[in-house]
Amino acid sequence: MPFTSLSELKTKLDSGETTAVDLAKLYLGRIDTYNETLNAFVDIDAKHVLEQAEASDAYRTKHGPRPLEGLPIAIKDIFCTQDGPTQCCSNILRGYHAPYDAHVITRLKAAGAVLVGKTNMDEFAMGSSTETSAFGICRNPWDTDRIPGGSSGGSAAAVAAGLAPAALGTDTGGSIRQPASICGITGLKPTYGRVSRRGIIAFASSLDQAGPMTRTVKDSAMITAAISGHDSMDSTSVTDAPSVDWLGACDKTDMKGIKIGKPKEYFIDGMDADVRASIEAALAKCEELGAEIIDISLPHTEAAVAAYYVIAPSEASANLSRYDGVRFGHRCKDPEDLLDMYTRSRDEGFGSEVKRRILTGTFALSSGYYDAYYIKAQRVRTLIRQDFINAFEKVDLIATPTSPITAFKLGEKTDDPLTMYLADIFTIAVNLAGLPGLSQPCGFVDGLPVGLQWIAPAWREDLILGAASAYEGATDWLRVPAGFGGEA
Amino acid sequence: MEIDVRKVAMLSRIRLTDDEAAELGPQLTSIIGYVEHLSGVDTDGIEPTAHPHDVAIPQRADVVTNSNRRDELQAPAPKTESGLYVVPKVIE
């Protein structure tokens, strides 16, 4: 049961085989047993989870089920929730209680979901390993000496280990897709503007997007259907986004007539040979399913990492200026004057990776350097968008590895921030271009999951869901890690 | 390029301890060194992208929707008095 998909759990709830309260108890019990090992959750209020489940069962009896009625969903600590703390895994927000729910939280509640607590993450979503969390490292269920990916590592580990059937994450440069890949589950970053960012603690506003992390492709579709749509309180959420038949898109069992682009820049020297072999095998399977594989080029791929590490820190340095010790968050003891209060509160509250990014962004935006770094990066961003537009004239979808490597060991890359940044090399361009992307499991190397990334034109999540569903149906890479009670 | 990390930290309103400055300085120099690769990309005549889609910013109807929630919104503040945020003295 704990490793059952969201859509199967929905069937069990609808048929009366189980109840929201039973499910809540099941997952709370598992969190109790396994969270000490994984540290996937940083806040759990069991009483409140059970209250939501009771209310859901009562709603079902009285009115019938809503789309996510009674389904437990874990929430990354970046989403503002009125119930319980919202801390973004940062000391500067330790103990913070948001006065309102994020739009996507409001949507999940309206769809009947039961929110099961806050998951661990890199501080302010800055990282690729969940090692920068102020609330302790999170571990990978496939090998607890290894990282779960990041920044949504807690959400990925929770779903992979069956501590929740699904979770919400956010993705600024790969933070949904990379941990999904590293933990062997599915994660979808919708098209930029598909989902409201209101109430999501901002990292890089032109890149951030929320999305689901789930066991199956259809589960991701179910959650995206519930959270997407215009929000009048977020001017970057698009009013006339082309709609998608979210569940219908998942009915595909073949890839006949689908042209899949294979970008040569994503199959580089230095990537793990076994990861590459897994992706090649996945593409061969797609051909078997009827797809045509076409070699393409995305010539500005290498520049994407550099552009990202100018644009994202620049936006972060502006967004994080709000943590000044005045209106919320940490304030240092006995400040001498206003400047002392700002500088000391921020020094004490932010961890080193957040400081590095703020400093990088401040430098890139500073007088004399703005044109050479920030504006230059934005021009390169235009070229990266154009690369995809050109490619999608020839192909329907693009398939790539999600990450060049599988899960690395805890502490292995913390000494040199630059090597950590390169872990995002295959996911970053998708954010810069605002496109939808999905990662799904496609193999194992030495017992560690490998992820296949799908990229589609803007608003064409349906193409991704169709191909990913067909691939999922023809393979069996969704597995259960040993040691988490799935053997019984 | 050598970056004056203390200057950038002051612009960022972050006080750095000596140890932090010693660690972050070379890292910042190395990160900026890496992103300098951008200068090798030909962007003549290319417009900058600030938003991934070419869409107009939607406007909502000009009606008041928010109520007075001052107490709730100030609840997370480190220090308030009479509905005001209290900070160290700014003007002598």
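Top line first, the protein sequences correspond to chains A and B.
Here full-length UniProt numbering is used: position 217 in the first sequence is 217, and no number is missing along the way.
Here full-length UniProt numbering is used: position 3 in the second sequence is 3, and no number is missing along the way.
Where is the CB? At the ideal position from N, CA and C, for every residue including glycine.
Out of curiosity, what's the CA-to-CA distance linking residue i and residue j?
i	j	result
A/Cys-138	A/Asn-39	5 Å
A/Leu-68	A/Ala-221	12 Å
A/Ile-201	A/Gly-16	38 Å
A/Asp-45	B/Met-1	50 Å
A/Ser-129	A/Leu-410	8 Å
A/Ala-474	A/Thr-253	8 Å
A/Ile-260	A/Ser-155	29 Å
A/Ile-294	A/Asp-446	30 Å
A/Thr-170	A/Asp-324	24 Å
A/Met-1	B/Leu-38	50 Å
A/Leu-93	A/Lys-262	43 Å
A/Gly-211	A/Phe-267	26 Å
A/Cys-89	A/Phe-363	25 Å
A/Pro-179	A/Arg-460	23 Å
A/Lys-333	A/Ser-321	19 Å
A/Leu-115	A/Pro-299	42 Å
A/Pro-441	A/Leu-26	25 Å
A/Asn-319	A/Ser-206	11 Å
B/Val-8	A/Pro-449	41 Å
A/Leu-283	A/Phe-388	20 Å
A/Leu-71	A/Leu-397	31 Å
A/Arg-385	A/Val-238	18 Å
B/Gly-33	A/Thr-427	22 Å
A/Thr-61	A/Ile-227	24 Å
Since residue i is in the alpha helix (DSSP H), which residue starts that stretch and which ends it?
i	result
A/Ile-279	273–288
A/Ala-316	301–319
A/Glu-343	First, the amino acid is wrong: residue 343 of chain A is Thr here, not Glu. Where A/Thr-343 is concerned, the enclosing alpha helix (DSSP H) stretches over 338–349.
B/Glu-23	18–35
residue 497 of chain A	Any answer about residue 497 of chain A is impossible in this case: the structure gives chain A only from 1 up to 488.
B/Asp-71	70–74
A/Gly-466	461–474
A/Cys-183	177–183
B/Lys-89	Neither: B/Lys-89 is in no alpha helix (DSSP H) and is coded neither H nor E.
A/Ala-221	217–227
A/Ser-7	6–14
Taking buried to mean at least 16 other C-beta atoms within 10 Å of its own C-beta, is residue i buried or exposed?
i	result
B/Leu-84	exposed
A/Gly-199	buried
B/Val-86	exposed
B/Ser-30	exposed
B/Ile-3	buried
residue 110 of chain B	In the structure as shown, chain B begins at 1 and stops at 92. Residue 110 of chain B is therefore absent and cannot be evaluated.
B/Gly-25	buried
A/Asp-240	exposed
A/Thr-224	buried
A/Ala-110	exposed
B/Gln-59	exposed
B/Val-63	exposed
A/Gly-184	buried
A/Asn-35	buried
B/Glu-81	exposed
A/Lys-394	exposed
A/Glu-336	exposed
A/Ser-367	exposed
Please list the terminal residues of the continuous beta strand (DSSP E) segment that includes residue i.
i	result
A/Lys-62	Careful: A/Lys-62 lies outside any beta strand (DSSP E), inside the alpha helix (DSSP H) at 46–63.
A/Met-210	One point to set straight first is that residue 210 of chain A is Ala, not Met, in the sequence displayed. Segment 209–214, the beta strand (DSSP E) holding A/Ala-210.
A/Thr-37	Where A/Thr-37 is concerned, there is no enclosing beta strand (DSSP E), although the alpha helix (DSSP H) it sits in stretches over 20–38.
A/Phe-79	Run containing A/Phe-79: none; DSSP gives neither H nor E here.
A/Lys-262	259–263
A/Gly-169	166–171
A/Ala-399	397–401
A/Ile-296	292–296
A/Thr-419	Not the beta strand (DSSP E): A/Thr-419 falls in the alpha helix (DSSP H), residues 417–421.
A/Lys-119	Strictly speaking, residue 119 of chain A in this sequence is Thr, with Lys absent from that position. Run containing A/Thr-119: 114–119, per the beta strand (DSSP E) assignment.
A/Asp-43	41–43
Which partner residues does residue i have in the DSSP bridge list?
i	result
A/Gly-437	A/Lys-189 and A/Ile-455
A/Lys-409	A/Arg-146
B/Thr-80	B/Tyr-85
A/Gly-443	A/Val-450
A/Ala-74	A/Ala-167
Indicate, with yes or no, if the ligand COA has a heavy atom lying under 6 Å from the CB of residue i.
i	result
A/Ala-125	Inclusion of the ligand COA in the displayed structure is not the case, the ligand content being empty and no account of it being possible.
How do the stretch 148–159 of chain A and the stretch 188–197 of chain A stand: do at least 3 beta-carbon pairs fall below 8 Å, yes or no?
-> no
Using 8 Å as the Cβ pair cut-off and three pairs as the minimum, do the stretch 358–365 of chain A and the stretch 267–278 of chain A touch?
-> no
The stretch 394–414 of chain A in contact with the stretch 174–183 of chain A per 3-pair CB rule at 8 Å | yes
Can at least three beta-carbon pairs, one atom from the stretch 86–103 of chain A and one from the stretch 71–79 of chain B, be found at a separation below 8 Å?
-> yes
Any 3 or more C-beta pairs closer than 8 Å across the stretch 18–38 of chain A and the stretch 53–60 of chain A | Output reads yes: the stretch 53–60 of chain A touches the stretch 18–38 of chain A.
Evaluate contact between the stretch 338–353 of chain A and the stretch 8–26 of chain B, counting only Cβ atoms and requiring at least three cross-stretch pairs below 8 Å.
-> yes
State whether the stretch 40–56 of chain B contacts the stretch 286–293 of chain A, with contact taken as three or more CB pairs (one from each stretch) at a distance under 8 Å.
-> no
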